[in-house]
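Engineer: So the sequence lines, in the order shown, correspond to chains A and B. In our numbering, each residue carries its 1-based index in the first sequence increased by 201. In our numbering, each residue carries its 1-based index in the second sequence increased by 3. Let me begin by handing over the structure; questions about it come next.
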Amino acid sequence: MLMTYALYITIGAVALTMVLCMYRLLRGPYMGDRVLSLDTISINAVSLIVLYGMVNKTQVFFEAALLIAMVGFISTVAFARFLLRRDVIE
Amino acid sequence: MNEASAIEIVVAVLLIAGAFFTLVGGYGLIKLNNPMSRLHAPTKAGTLGVGSILIASMIYAIDHTGGSLHELLISIFMFATAPVTAYFVAKVHVHRDRIGTPLPELDGGKKWATKVKADDQA
């Protein structure tokens with residue numbers, strides 16, 4: 202019972218954090234801030250998927266969380282690379 | 004209300020800690036007024052938050068789904084990649100002159116390593 206409440210409070214907090222990141226993504230003002238907020242959104246998506254797996258008492262979402270983590274890292278590095286050099290693969 | 008087991012209490016505490024750190028990271032992202040400060044808030048707080056939630060999930064799995072250390076893989080990956088992404092975003096800020104004050108001049112007319120173009124090194 203205690204843990205169920207904690208689970209739903211945590212899901213709410215992570216969702217609220219994604220909304221805050223969305224605000225920074227839309228308002229900017231600099232490109233680096235937008236890249237950073239996209240990275241934070243992907244990290245929060247990982248924790249949201251893990252929490253959803255805890256709600257359903259299953260382990261099948263683990264691969265999805267790992268994939269989101271990897272795609273988030275690669276896309277952040279590619280975005281930053283593009284902003285630095287205007288060219289991802291030289 | 005029945006008695007909560009020790010594992011449930013530990014998992015609940017870790018979950019609330021993760022929620023707190025994640026929320027602090029998001030709040031810092033919108034509240035701080037300098038690009039480098041904004042970089043500092045979500046990278047550290049976000050990593051701690053995800054770490055707490057993943058540890059909570061691992062302890063919870065021992066109790067409910069037969070135990071697994073899968074989440075350790077995600078947390079190792081997160082801890083390895085968070086500094087790299089922070090470094091890249093900081094480099095974007097430096098190159099686009101978004102750090103407030105310019106970088107100090109170096110002795111002997113040398114250039115900052117990050118400002119040297121890849122073509123000049125060859």
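Don't be surprised by glycine CBs; every beta carbon is placed ideally from N, CA and C.
Do three or more CB pairs link the segment 243-258 of chain A to the segment 53-68 of chain B at distances below 8 Å?
Structural biologist: yes
Engineer: Skipping 5 residues on each side, what residues in its chain have a beta carbon closer than 7 Å to that of Thr211 (chain A)?
Structural biologist: Leu252
Engineer: Counting only beta-carbon separations shorter than 7 Å, does Ala207 (chain A) have a partner in chain B?
Structural biologist: With 7 Å as the cut-off, Ala207 (chain A) counts as an interface residue toward chain B.
Engineer: At a Cβ threshold of 7 Å, is Asp288 (chain A) touching chain B?
Structural biologist: Cβ-Cβ to chain B under 7 Å: no for Asp288 (chain A).
Engineer: Do Ala9 (chain B) and Leu42 (chain B) have their CB atoms nearer than 7 Å?
Structural biologist: no
Engineer: What did DSSP end up calling Tyr63 (chain B) once you bin it into helix, strand or coil?
Structural biologist: Three-state result, Tyr63 (chain B): helix.
Engineer: Ignoring anything shorter than 3 residues or poking outside the segment 13-82 of chain B, list the beta strand (DSSP E) runs there in chain order.
Structural biologist: Along the length of the segment 13-82 of chain B, whole beta strand (DSSP E) runs at least 3 residues long do not occur.
Engineer: Taking CB distances under 7 Å as the criterion, tell me whether Thr117 (chain B) reaches chain A.
Structural biologist: Nearest CB-CB separation between Thr117 (chain B) and chain A: not below the 7 Å threshold.
Engineer: Rounded to whole angstroms, what's the CA-CA distance from Met4 (chain B) to Met202 (chain A)? Just pull it up for me.
Structural biologist: Legend: pLDDT at Met4 (chain B) = 46, less than 50; position of this residue unreliable, value from coordinates given subsequently. Those two C-alpha atoms are separated by around 8 Å.
Engineer: Distance, Cα to Cα, Lys258 (chain A) vs Thr88 (chain B)?
Structural biologist: 32 Å
Engineer: Would you mind telling me which residues of chain A sit closer than 7 Å to Ile65 (chain B), beta carbon to beta carbon, in chain order?
Structural biologist: What Ile65 (chain B) touches in chain A: nothing, since even the nearest Cβ is about 12 Å away.
Engineer: How would you label Ala125 (chain B), buried or exposed, when you count the other beta carbons within 10 angstroms and need 16 or more for buried?
Structural biologist: Bear in mind that the predicted position of Ala125 (chain B) carries a pLDDT of just 49, short of 50, making it unreliable; the figure below should be weighed with that in mind. Looking at its Cβ environment, which holds fewer than 16 other Cβ atoms inside 10 Å, Ala125 (chain B) is exposed.
Engineer: Rounded to the nearest angstrom, how far is the Cβ of Ala214 (chain A) from that of Thr46 (chain B), given a contact under 8 Å?
Structural biologist: With a Cβ gap of about 18 Å, Ala214 (chain A) and Thr46 (chain B) do not count as contacting.
Engineer: Taking C-alpha atoms, which residue in A:Leu284, A:Ile290 and A:Val289 lies nearest to Phe232 (chain A)?
Structural biologist: First, the residue type needs correcting, since residue 232 (chain A) is Met and not Phe in the sequence shown. Met232 (chain A) has its Cα closest to that of A:Leu284, out of A:Leu284, A:Ile290 and A:Val289.
Engineer: Using a 10 Å radius around the Cβ and a threshold of 16 neighbouring Cβ atoms, would you call Ile269 (chain A) buried or exposed?
Structural biologist: buried
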